[in-house]
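The structure appears right after this line, and notes come after that.
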Amino acid sequence: MIIRISIALLLALAPVTAFANQCPTMMAAIDAALPNASLSEADMAKVKQLRQQGEQLHQSGDHAGSEAALGEAKKMLGI
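Just so you know, the sequence shown maps onto residues 3 to 81 in my numbering.
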């Protein structure tokens, strides 16, 4: 019985850790695209602000918020 509960708990938490690792990948993609981006100064500043916000949210454990901010930055960069 305890083994079944342990397995169920492990399976329930596995997706959380998988999504937590998505944030650094998104940040790396943004960092790679920034030097070649052809955006206005205002849009570039917004992308950098979203990138920083995404990192801060990731570090505080808010991975959904981090992915939202990073996703918006990626969208602005066209990646």
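From the three backbone atoms N, C-alpha and C, an ideal C-beta is built for every residue, glycine too.
Just to confirm before moving on: does the CB-CB distance between residue 52 and residue 35 stay below 8 Å?
no
Rounded separation between residue 5 and residue 77 - CA only:
44 Å
Does the stretch 35 to 47 touch the stretch 58 to 73, meaning 3 or more C-beta pairs lie closer than 8 Å?
no
Taking the alpha-carbon of residue 49 as reference, which of 72, 28, 30, 66 has the nearest alpha-carbon?
72
Excluding the 5 residues preceding and the 5 following residue 56 in the sequence, name in chain order all residues of the same chain whose CB lies nearer than 6 Å to its CB.
68, 71, 72
Looking only at its chain, what residues have a beta carbon closer than 7 Å to the beta carbon of residue 25, apart from the 5 residues adjacent to it on each side?
56, 60, 65, 68, 69, 72
Go to residue 68, then tell me how far its alpha helix (DSSP H) extends in each direction, as first and last residue.
65 to 79
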